[in-house]
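**Q** Before I ask anything, let me first share the structure, which is written out below as structure tokens.
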């Protein structure tokens, strides 16, 4: 799935949920440069620290231009489902408002591209210029802290920094004396004779720099002599006024700056939200739920479905409860007074507490108490095509879906659908509001109409004008506003649930030769890289406690062939007949359609190679422990076919080939039907490579504290 600025906010909830469900997440990063010519020839046999310093220079100089992640969800039957997402990463931030311009101006970013990398990307058909088009923005943690500090500085009443010039030498003494005397004279004037503010006129100058120096002189003198007053530039920059500080206005200004900062952080954090979910960080408060609800508004019910799916995943129902309660029982326990399910012998909370209709409805949604009609339709929702979902269909007869509309449509007297009993209009307490709405809307309470302000008589006795606003219209509008606001709150709560779950359950990170990937990820999305390798190892371990490098896993499987490129390993192991079974939805996978050196497809290949090799090693380990395998013979048969053995005069029967074996017959010794169950982080097959990355040929380091 290609994620762009157009679909980011719609796809974000699904991505966060996929990460939460995943046992493994494969990551790949594409960079604008991977070589440091300056340090390449500096050391003949570099130490680990020297290797790190060279890699740090590369990651600090060049940029990430593409990020790919593949989430791997494991099933109890030993199969796996993958979902792949690809992001174009750009240092460029699009601005739309003045607040955006102010925010972006404070960020210092650069774009560096290696010429060799540019040639390679063009040969692979990769357009680097797309980073200026439809890409998702990002902010690192360090950039967010920097923006916060800049906002705090702007909250100061004024900037009273010294201009740094010698006033006598630069001819500023006369103006400085004028400013000092004007302020002092105002101070010594009787309070009832003072003007409300002090006006100071700046000398005319064509130099913008000199005009700023004049302004700084005024601000510095004001801070010394009248610290409780504030300055502002006026009259096209020719006058500075000093006036009493309005605490209320000052508080509003501070609040406005904070709101602008929060809006910019929510708008530009972008891809880092994905990184925070991967590392178990905080992301819920950085997401504006309005953006998600608005993005999903074109697909009715999608936001609700996301909330319900998260709730069902994080709070699964017990088997006894699932099997013991049928739809009929749910309907029988449904109370039409409070719109909840409870036993008939239990008192209704809404009537006893005086809870009104709106509060009851919001409570039911907030607690995710599904209406029976929604439960019946839940099983019928299915995916159409690659991305589309059939919408939720709400029945207007349902008092829980539409509590303010009553149980009858205008002009109809049919009974409500799906066994929801109609509600009488004389219900007291919680339903008095509903009774008034129903009687005024449908004309069931009074035979006589009422005359409105314009002198026009309203409809009576169950008739309604098509051209006038009725109670039905008002109720629909109120319900829509209520539902939208409630939905935003529910999305926000759901994101907080996912965040809390992520702190308790972080996925295992899979990468291929991922030392440079980790450096670029940290420098781009987290903070500036530390000076020493030991510091970096500790910081990365705090972010990613569990790491597997498929390069080391492949070498463990076969010392020589494990050195092959990722694409070769993928082609070797990507066989549908090879266990385990791996599948994906059409919009979130590649199959044979992918192209190497695209981050999304590379992460997909990394995930497949990891699963194939890990299960292969697990099968071999199981066979070894069970005494069933002749592993050496199996390996020889995989490496040497009988045709070659016959050509060099070797008796193939010593490797177990049958006498009637025909030359040219293909024997695939990777086809193994036995299952080894789910992989475990502590399995013996990961010994020696667990939390280790390769920083150079035949040189690895442990990620974490020694």
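Residue numbers (full-length UniProt numbering): 1 to 706.
Ideal Cβ positions, reconstructed from N, Cα and C, are used throughout, including at glycine.
Between residue 274 and residue 15, how many whole angstroms is the CB-CB distance? I'm expecting something under 8 Å.
**A** What you label residue 274 is simply residue 274 of the chain shown in a count that begins at 1. What you label residue 15 is simply residue 15 of the chain shown in a count that begins at 1. Sure, about 6 Å apart at Cβ, within 8 Å.
**Q** With which residues is residue 150 paired in a DSSP beta bridge?
**A** Sequence index remark: in the chain shown, residue 150 carries index 150 (1-based). Per DSSP, none; premise fails for residue 150.
**Q** Going by the beta-carbon positions, is the gap between residue 5 and residue 134 smaller than 7 Å?
**A** In the chain shown, residue 5 corresponds to position 5, counting from 1. In the chain shown, residue 134 corresponds to position 134, counting from 1. Yes.
**Q** For the structure I just gave you, are there three or more beta carbon pairs, one from the stretch 231-245 and one from the stretch 199-208, closer than 8 Å?
**A** The stretch 231-245 vs the stretch 199-208: in contact.
**Q** Can you tell me whether DSSP reads residue 81 as helix, strand or coil?
**A** Against the chain shown, residue 81 aligns to sequence position 81. Residue state, collapsed to three classes: strand.
**Q** By DSSP, does residue 688 sit in helix, in strand, or in coil?
**A** The residue you call residue 688 lines up with position 688 of the chain shown. Correct three-state label for residue 688: coil.
**Q** At a cut of 8 Å, does the stretch 293-313 reach the stretch 128-144 through at least three beta carbon pairs?
**A** No, they do not touch.
**Q** Would you kindly work out how many angstroms separate the C-alpha atoms of residue 155 and residue 500, rounded to a whole number?
**A** Residue numbering aside, residue 155 sits at position 155 when the chain shown is read from its first letter. Residue numbering aside, residue 500 sits at position 500 when the chain shown is read from its first letter. Each residue's alpha carbon lies about 33 Å from the other.
**Q** Classify residue 35: buried if its beta carbon has 16 or more other beta carbons within 10 angstroms, exposed otherwise.
**A** As a position in the chain shown, residue 35 is number 35, starting the count at 1. Exposed, because fewer than 16 other Cβ atoms sit within 10 Å of the Cβ of residue 35.
**Q** Cβ atoms of residue 89 and residue 120: under 7 Å apart, would you say?
**A** Position 120 of the chain shown holds residue 120. Position 89 of the chain shown holds residue 89. In this structure, residue 89 does not lie closer than 7 Å to residue 120 by Cβ.
**Q** Is the beta carbon of residue 19 sitting closer than 7 Å to the one on residue 603?
**A** Position 19 of the chain shown holds residue 19. Position 603 of the chain shown holds residue 603. For residue 19 and residue 603, no; Cβs fall outside 7 Å.
**Q** Per DSSP, residue 549 is paired with what?
**A** Here residue 549 refers to the residue found at position 549 of the chain shown. Note: residue 549 sits in a beta bridge opposite 511.
**Q** Do three or more CB pairs link the stretch 561-568 to the stretch 91-106 at distances below 8 Å?
**A** No, because fewer than three Cβ pairs between the stretch 561-568 and the stretch 91-106 fall closer than 8 Å, the two stretches do not touch.
**Q** Evaluate contact between the stretch 580-595 and the stretch 515-535, counting only Cβ atoms and requiring at least three cross-stretch pairs below 8 Å.
**A** Touching, no, given that fewer than three Cβ pairs across the two stretches are closer than 8 Å.
**Q** Taking buried to mean at least 16 other C-beta atoms within 10 Å of its own C-beta, is residue 584 buried or exposed?
**A** Indexing the chain shown from 1 puts residue 584 at position 584. It counts as buried.
**Q** Have a look at residue 550 and residue 699 and give me their C-alpha separation to the nearest angstrom.
**A** On the chain shown, residue 550 is found 550 positions in, with the first residue counted as 1. On the chain shown, residue 699 is found 699 positions in, with the first residue counted as 1. Distance between the alpha carbons of residue 550 and residue 699 is about 15 Å.
**Q** In the DSSP assignment, the alpha helix (DSSP H) including residue 260 goes from what residue to what residue?
**A** The residue you call residue 260 lines up with position 260 of the chain shown. Looking at the DSSP string, the run of the alpha helix (DSSP H) that includes residue 260 is 247-268.
**Q** With three or more C-beta pairs closer than 8 Å as the rule, is the stretch 105-115 touching the stretch 51-67?
**A** Short answer: they touch.
**Q** Would you say residue 525 and residue 272 are within 7 Å of each other, going by their C-beta atoms?
**A** If you number the chain shown from 1, residue 525 lands on position 525. If you number the chain shown from 1, residue 272 lands on position 272. Yes. Within cutoff.
**Q** Where does residue 52 sit, in a helix, a strand or coil, going by DSSP?
**A** Indexing the chain shown from 1 puts residue 52 at position 52. Helix, per DSSP.
**Q** Buried or exposed: where does residue 192 fall if 16 or more other Cβ atoms within 10 Å of its Cβ makes it buried?
**A** Here residue 192 refers to the residue found at position 192 when the chain shown is read from its first residue. So residue 192 ends up on the exposed side.
**Q** So, is residue 522 buried or exposed, given that buried needs 16 or more other C-beta atoms within 10 angstroms?
**A** Start at 1 with the first residue of the chain shown, and residue 522 comes out as number 522. Label assigned to residue 522: buried.
**Q** Once DSSP output is grouped into helix, strand and coil, what is the label at residue 202?
**A** Here residue 202 is taken as the residue at index 202 of the chain shown, counted from 1. Here residue 202 sits in coil by DSSP.
**Q** On the three-state DSSP scale, how would you describe residue 526?
**A** As a working note, residue 526 is residue 526 in the chain shown. Correct three-state label for residue 526: helix.
**Q** Could you tell me which residues DSSP puts in a beta bridge with residue 87?
**A** In the chain shown, counting from the first residue as 1, residue 87 sits at position 87. Bridge partners of residue 87: 3 and 67.
**Q** Which word fits residue 184, buried or exposed, when buried means at least 16 other C-beta atoms lie within 10 angstroms of its C-beta?
**A** Here residue 184 refers to the residue found at position 184 when the chain shown is read from its first residue. Exposed: under 16 other Cβ atoms inside 10 Å.
**Q** Across which residues does DSSP place residue 28 in a beta bridge pair?
**A** Sequence index remark: in the chain shown, residue 28 carries index 28 (1-based). In DSSP, residue 28 forms a bridge with 68.
**Q** Tell me, please, whether the stretch 257-270 touches the stretch 97-108 by the rule of three or more beta-carbon pairs shorter than 8 Å.
**A** The stretch 257-270 is in contact with the stretch 97-108.
**Q** Give me the Cα-Cα distance between residue 287 and residue 596, rounded to the nearest whole angstrom.
**A** Translated into the one-based positions of the chain shown, residue 287 becomes position 287. Translated into the one-based positions of the chain shown, residue 596 becomes position 596. If I take the Cα positions, the gap works out to 33 Å.
**Q** Taking 8 Å as the threshold, find out whether the stretch 567-574 comes into contact with the stretch 42-54 through three or more Cβ pairs.
**A** Flag = no, the stretch 567-574 and the stretch 42-54 do not touch.
**Q** From what residue to what residue does the beta strand (DSSP E) around residue 130 run?
**A** As a first step, residue 130 is located in the chain shown; it is residue number 130 there, counting from the start. No beta strand (DSSP E) holds residue 130; DSSP gives it neither H nor E.
**Q** Hey, quick one: how far does the alpha helix (DSSP H) through residue 780 stretch, first residue to last?
**A** With the chain covering 1 to 706 only, the question about residue 780 has no answer from this structure.
**Q** For residue 491, name the three-state secondary structure that DSSP assigns.
**A** Here the question's residue 491 lines up with position 491 in the chain shown. Helix, per DSSP.
**Q** Out of curiosity, what's the CA-to-CA distance linking residue 612 and residue 141?
**A** Translated into positions along the chain shown, residue 612 becomes position 612. Translated into positions along the chain shown, residue 141 becomes position 141. So the two alpha carbons sit approximately 36 Å from each other.
**Q** Indicate the three-state DSSP secondary structure (helix, strand or coil) for residue 644 in the structure shown.
**A** For this step, residue 644 is matched to residue 644 along the chain shown. Note: residue 644 maps to helix in three-state DSSP.
**Q** How would you call residue 517, buried or exposed, if buried means at least 16 neighbouring beta carbons within 10 angstroms?
**A** Residue numbering aside, residue 517 sits at position 517 when the chain shown is read from its first letter. Per the 10 Å Cβ criterion, buried.
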